[in-house]
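*Asks:* Starting off with a structure, shown below.
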């Protein structure tokens with residue numbers, strides 16, 4: 001599989017913005033995704049970005065993609081306690097449709 | 112929206128037995144399904160890619176004789192863990208991609224515990 005790295009933990013105060021970062025190694029990905037996983041549950045697709053885009057905004061979520069540096073970030077504005085979860089970035093490969101997931105970032109929102 | 116189900120959601124089995132996990136796309140046809148394994152507090156590890164009507168493609172290091180995958184129809188893929196051992200205990204998640212789609216829809220996962 002590909003190397004997709006994320007920092008393991010992030011804590012923010014309720015109402016602040018959260019920024020979760022992801023770096024990847026393969027530049028042939030077509031789409032990059034952010035998923036949310038709550039304890040004991042499956043994955044929920046939050047948003048995605050096509051690899052030729054730099055930014056995508058979707059309500060409280062902003063995705064930034066720096067393809068040159070192979071860096072993807074997810075910004076959550078006005079973070080709420082319900083946003084506490086593990087967030088995974090994933091890249092979809094150009095061939096075969098395989099998805100490779102990052103190591104996951106555990107976000108804790110402090111009331 | 113697209114829904115993917117998995118059955119069972121939890122299973123406990125004895126060491127040496129085999130367990131079958133089903134993954135179904137409920138309201139769309141999935142030409143490709145994926146099987147992942149997730150260890151506690153770890154990321155998802157892609158195990159195999161399952162294409163309808165053909166043999167699954169396994170990732171490096173995944174034993175195809177141990178993790179049998181069958182994708183007999185456009186809405187159903189099964190993963191059979193053969194001769195299960197305690198180290199096979201894990202959270203198994205499937206996903207499905209519809210024809211011409213760019214989105215991967217995930218099932219809720221199956222918690223396998225081998226005693």
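Protein chains in written order, with my numbering: chain L, 1 to 111; chain U, 112 to 226. Using N, Cα and C, we set each Cβ at its ideal position, and we do this for glycine too. Quick caveat: nothing in here was measured; it's all calculated off a predicted structure.
I need the straight-line Cα distance from residue 85 of chain L to residue 36 of chain L, nearest angstrom please.
*Replies:* Counting from 1 along the first chain, the entry for residue 85 of chain L is found at position 85. Counting from 1 along the first chain, the entry for residue 36 of chain L is found at position 36. Answer to the nearest angstrom: the Cα atoms are 6 Å apart.
*Asks:* Chain U beta carbons: is any one of them nearer than 8 Å to that of residue 77 of chain L?
*Replies:* Numbered from its first residue, the first chain carries residue 77 of chain L at position 77. Not closer than 8 Å to any Cβ of chain U, the Cβ of residue 77 of chain L fails to qualify, so no.
*Asks:* Check whether chain L comes within 8 Å of residue 160 of chain U, counting only Cβ atoms and requiring the distance to be less than that.
*Replies:* The residue given as residue 160 of chain U occupies position 49 in the second chain. Cβ-Cβ to chain L under 8 Å: yes for residue 160 of chain U.
*Asks:* CA-CA distance, residue 11 of chain L and residue 215 of chain U?
*Replies:* Within the first chain, residue 11 of chain L is the residue found at index 11, counting from 1. Within the second chain, residue 215 of chain U is the residue found at index 104, counting from 1. Approximately 28 Å between the Cα atoms of the pair.
*Asks:* Compute the Euclidean distance between the alpha carbons of residue 91 of chain L and residue 103 of chain L, then round it to the nearest angstrom.
*Replies:* Working through the first chain from its first residue, we reach residue 91 of chain L at position 91. Working through the first chain from its first residue, we reach residue 103 of chain L at position 103. Cα to Cα, the separation comes out at about 12 Å.
*Asks:* When the Cα atoms are used, what is the spatial distance from residue 23 of chain L to residue 219 of chain U?
*Replies:* As a working note, residue 23 of chain L is residue 23 in the first chain. As a working note, residue 219 of chain U is residue 108 in the second chain. In a straight line, the C-alpha of residue 23 of chain L is about 26 Å away from that of residue 219 of chain U.
*Asks:* When you compare the CB of residue 204 of chain U with every CB in chain L, is at least one pair closer than 8 Å?
*Replies:* Reading the second chain from its first residue, position 93 is the one you call residue 204 of chain U. It does: the Cβ of residue 204 of chain U has a partner Cβ on chain L nearer than 8 Å.
*Asks:* If you follow the beta strand (DSSP E) that residue 217 of chain U is in, where does it begin and where does it stop?
*Replies:* As a first step, residue 217 of chain U must be located in the second chain, where it is residue number 106. Where residue 217 of chain U is concerned, the enclosing beta strand (DSSP E) stretches over 215-217.
*Asks:* Could you check whether residue 88 of chain L and residue 154 of chain U sit closer than 8 Å to each other, using their CB atoms as the reference points?
*Replies:* Position 43 of the second chain holds residue 154 of chain U. Position 88 of the first chain holds residue 88 of chain L. Cβ distance < 8 Å, so residue 154 of chain U and residue 88 of chain L count as in contact.
*Asks:* For chain L, is any of its Cβ atoms less than 8 Å away from the one on residue 157 of chain U?
*Replies:* The count along the second chain starts at 1 and reaches residue 157 of chain U at position 46. Cβ-Cβ to chain L under 8 Å: yes for residue 157 of chain U.
*Asks:* How far does the beta strand (DSSP E) with residue 201 of chain U in it extend, from its first residue to its last?
*Replies:* The residue you call residue 201 of chain U lines up with position 90 of the second chain. Segment 201-209, the beta strand (DSSP E) holding residue 201 of chain U.
*Asks:* Whole angstroms are fine: how far does the CA of residue 221 of chain U sit from the CA of residue 119 of chain U?
*Replies:* Within the second chain, the letter at position 8 stands for residue 119 of chain U. Within the second chain, the letter at position 110 stands for residue 221 of chain U. C-alpha separation (whole angstroms): 6 Å.
*Asks:* Do you know how far the Cα of residue 183 of chain U is from the Cα of residue 140 of chain U?
*Replies:* Taking the first residue of the second chain as position 1, residue 140 of chain U is located at position 29. Taking the first residue of the second chain as position 1, residue 183 of chain U is located at position 72. Distance between the alpha carbons of residue 140 of chain U and residue 183 of chain U is about 12 Å.
*Asks:* For residue 103 of chain L, would you say it is in contact with chain U, using Cβ-to-Cβ distances shorter than 8 Å as the test?
*Replies:* Mapped onto the first chain, residue 103 of chain L falls at position 103. Yes, its Cβ sits closer than 8 Å to a Cβ of chain U.
*Asks:* Residue 41 of chain L touches chain U at which residues, Cβ-Cβ below 8 Å?
*Replies:* Taking the first chain and counting its residues from 1, one reaches residue 41 of chain L at position 41. Going along chain U in sequence order, the residues near residue 41 of chain L (Cβ under 8 Å) are 219 and 220.
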